[in-house]
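A.B. asks: In our numbering, the protein residues as written are 5 to 293.
We treat Cβ as the ideally placed atom computed from N, Cα and C, and that holds for glycine.
Starting off with a structure, shown below.
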């Protein structure tokens with residue numbers, strides 16, 4: 005089992021070590037979450053750059069409240085915050101509640117799920133400027149689940165490359181712009197939006213000039229895809245498509261991912277989409293040959 009003692013024994017032997025990075029899954033967080041012990045160890049070495057990420061699988065017995073600032077108190081000494089400017093953050097994962105403790109900005113989250121009752125940004129020792137830079141102004145893939153009770157983020161997400169939207173209806177452009185800089189979006193996924201009005205989608209396209217990849221569930225015959233769009237994924241779950249209609253709307257697509265139910269549709273799409281460079285067929289109810 006990984007422990008502080010094992011790290012200490014290893015580091016002390018490496019007398020010329022200046023950069024130390026460690027990533028580990030651990031069962032006991034008690035000694036590794038002791039910033040004072042790490043501080044004492046660092047003072048005995050030549051280490052000038054220290055980054056870590058620990059994942060604790062038994063977080064339910066360790067942390068009762070994610071907003072409990074005392075969890076990171078030992079990492080708030082002058083050594084950590086002023087002398088070294090080494091900042092630490094932690095958050096619980098949505099699915100299994102595992103606790104992640106990590107250095108920022110080195111191990112900042114690259115995939116963010118933002119919804120009505122989650123805590124974002126993660127609890128951290130970083131000052132506001134570093135917090136904003138690490139959690140909002142760095143490249144991320146963002147998933148936003150919209151509901152009536154959702155609260156806008158503390159800061160604007162300014163470097164989102166991939167945006168996935170969840171909810172009953174497509175939010176207006178003005179609402180989305182209060183969350184993210186739409187002009188930077190390269191990938192957009194609306195396949196989990198129940199109702200999409202054509203006008204709202206076209207307005208969203210108008211505000212995403214760098215959009216390259218688009219994922220949707222149903223291809224409305226009234227949709228007009230933006231000219232710069234080169235990649236499309238249709239989450240049609242085996243629902244039949246009108247090949248003529250699809251090829252008309254997606255005539256400039258170069259990369260396609262789609263579920264089909266017959267060999268004839270496969271052949272038709274390959275023959276008629278002249279700009280295709282790659283295609284992924286997910287087989288629905290294709291009859292055995």
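#1: Smallest Cα separation from residue 281: which of 191, 234 and 268?
#2: Going by other Cβ atoms of all chains shown within 10 Å of its Cβ, with 16 needed for buried, is residue 237 buried or exposed?
#3: What's the C-alpha gap between residue 20 and residue 217?
#4: Should residue 165 and residue 143 be called a contact, given that it needs their Cβ atoms to be closer than 7 Å?
#5: Quick one: residues in its chain with C-beta nearer than 7 Å to the C-beta of residue 156, no 5 flanking neighbours on either side, listed in chain order?
#6: Going straight from the alpha carbon of residue 246 to that of residue 212, what length do you get?
#7: Specify the secondary structure class of residue 114 as computed by DSSP and reduced to three states.
#8: For residue 105, is the classification buried or exposed, using 16 other Cβ atoms within 10 angstroms of its Cβ as the cut-off for buried?
#9: Which runs of the beta strand (DSSP E) fall wholly inside the region 171-253 and span at least 3 residues, in chain order?
#10: For residue 40, report the span of its alpha helix (DSSP H) as first-last.
#11: Count the other C-beta atoms from every protein chain shown that fall within 10 angstroms of the C-beta of residue 228, then say buried if there are 16 or more, exposed otherwise.
#12: Curious, which full-length beta strand (DSSP E) runs of at least 3 residues does the region 86-151 contain?
#13: Do the CB positions of residue 15 and residue 40 come within less than 7 Å of each other?
#14: Does residue 283 come out as helix, strand or coil in the three-state DSSP assignment?
#15: Closest to residue 173 by CA distance: which of 199, 9 and 261 is it?
#16: Short of 7 Å in beta carbon distance, which residues of its chain neighbour residue 292, apart from the five on each side in sequence? Order them along the chain.
#17: Cutting at 6 Å between CB atoms, please list the residues of its own chain near residue 279, excluding the five before and the five after it.
#18: Let me check understanding here. Comparing Cα to Cα, which of 145, 137, 117 and 80 lies closest to residue 99?
#19: State the start and end residues of the unbroken beta strand (DSSP E) segment that holds residue 260.
#20: Do you know whose CA, among 215, 214 and 254, lies nearest residue 224's CA?
#21: Residues bridged to residue 169 by DSSP?
#22: How long is the line joining the alpha carbons of residue 226 and residue 267, rounded to whole angstroms?
#23: What residue from 141, 169 and 95 has the CA that sits closest to residue 160's CA?
#24: Tell me the residue span of the alpha helix (DSSP H) that contains residue 267.
#25: Is it buried or exposed, residue 284, if we count other Cβ atoms within 10 angstroms and call 16 or more buried?
#26: For residue 136, which option in 147, 264, 124 and 44 has the closest C-alpha, if you only look at C-alpha atoms?
C.D. replies: To lay it out plainly:
#1: As a working mapping, residue 281 is identified with position 277 in the chain shown. Nearest of 191, 234 and 268 to residue 281, Cα basis: 234.
#2: Reading the chain shown from its first residue, position 233 is the one you call residue 237. Classified as buried, residue 237 has 16 or more neighbouring CB atoms from the shown chains inside 10 Å of its CB.
#3: For this step, residue 20 is matched to residue 16 along the chain shown. For this step, residue 217 is matched to residue 213 along the chain shown. Looking at the two C-alpha atoms, the distance is approximately 47 Å.
#4: Within the chain shown, numbered from 1, the residue matching residue 165 stands at position 161. Within the chain shown, numbered from 1, the residue matching residue 143 stands at position 139. Yes, Cβ-Cβ distance for residue 165 and residue 143 is below 7 Å.
#5: Counted from its first residue, the chain shown places residue 156 at position 152. Take residue 156, set aside five residues on each side of it, and the residues of its chain with a beta-carbon closer than 7 Å to its own are 182 and 183, in chain order.
#6: As a working mapping, residue 246 is identified with position 242 in the chain shown. As a working mapping, residue 212 is identified with position 208 in the chain shown. The alpha-carbon atoms of residue 246 and residue 212 are separated by roughly 27 Å.
#7: What you label residue 114 is simply residue 110 of the chain shown in a count that begins at 1. The answer is coil: DSSP assigns residue 114 none of H, G, I, E or B.
#8: In the chain shown, residue 105 corresponds to position 101, counting from 1. Buried, because 16 or more other Cβ atoms sit within 10 Å of the Cβ of residue 105.
#9: Fully enclosed beta strand (DSSP E) runs of no fewer than 3 residues occupy 191-199, 217-220 and 235-238 of the region 171-253, in order along the chain.
#10: Residue numbering aside, residue 40 sits at position 36 when the chain shown is read from its first letter. DSSP places residue 40 in the uninterrupted alpha helix (DSSP H) bounded by 39-46.
#11: The residue given as residue 228 occupies position 224 in the chain shown. So residue 228 counts as exposed.
#12: Taking only runs of at least 3 residues, the beta strand (DSSP E) segments lying wholly in the region 86-151 are 91-96, 103-108, 115-118 and 144-149.
#13: Here residue 15 refers to the residue found at position 11 of the chain shown. Here residue 40 refers to the residue found at position 36 of the chain shown. Note that the C-beta distance between residue 15 and residue 40 is not below 7 Å.
#14: Residue numbering aside, residue 283 sits at position 279 when the chain shown is read from its first letter. Three-state DSSP puts residue 283 in a strand.
#15: Residue 173 sits at position 169 when you count from the first residue of the chain shown. For the set 199, 9 and 261, the Cα lying nearest the Cα of residue 173 is the one of 199.
#16: Numbered from its first residue, the chain shown carries residue 292 at position 288. Low local confidence applies: a pLDDT of 46 at residue 292 is under 50, so the model's placement there is unreliable, and no value is given.
#17: Counting from one through the chain shown, the residue named residue 279 turns up at place 275. Excluding residues within five positions, the ones whose Cβ falls inside 6 Å are 256 and 258.
#18: Walking along the chain shown from the start, residue 99 turns up at place 95. The candidate whose alpha carbon is nearest that of residue 99 is 117.
#19: For this step, residue 260 is matched to residue 256 along the chain shown. Here the beta strand (DSSP E) through residue 260 covers 259-264.
#20: Against the chain shown, residue 224 aligns to sequence position 220. Taking only the C-alpha atoms, the option nearest residue 224 is 254.
#21: Translated into the one-based positions of the chain shown, residue 169 becomes position 165. According to DSSP, which records beta bridges pairwise, residue 169 is partnered with 148.
#22: Taking the chain shown and counting its residues from 1, the one referred to as residue 226 is at position 222. Taking the chain shown and counting its residues from 1, the one referred to as residue 267 is at position 263. Going from the Cα of residue 226 to the Cα of residue 267 covers about 27 Å.
#23: Residue numbering aside, residue 160 sits at position 156 when the chain shown is read from its first letter. Of the candidates 141, 169 and 95, the one whose C-alpha sits nearest the C-alpha of residue 160 is 141.
#24: Position 263 of the chain shown holds residue 267. For residue 267, the enclosing alpha helix (DSSP H) covers residues 267-276.
#25: By 1-based counting over the chain shown, the position of residue 284 is 280. Around the CB of residue 284, fewer than 16 other CB atoms lie within 10 Å, so the residue is classed as exposed.
#26: Here residue 136 corresponds to residue number 132 of the chain shown, with the count starting at 1. Residue 136 has its Cα closest to that of 124, out of 147, 264, 124 and 44.
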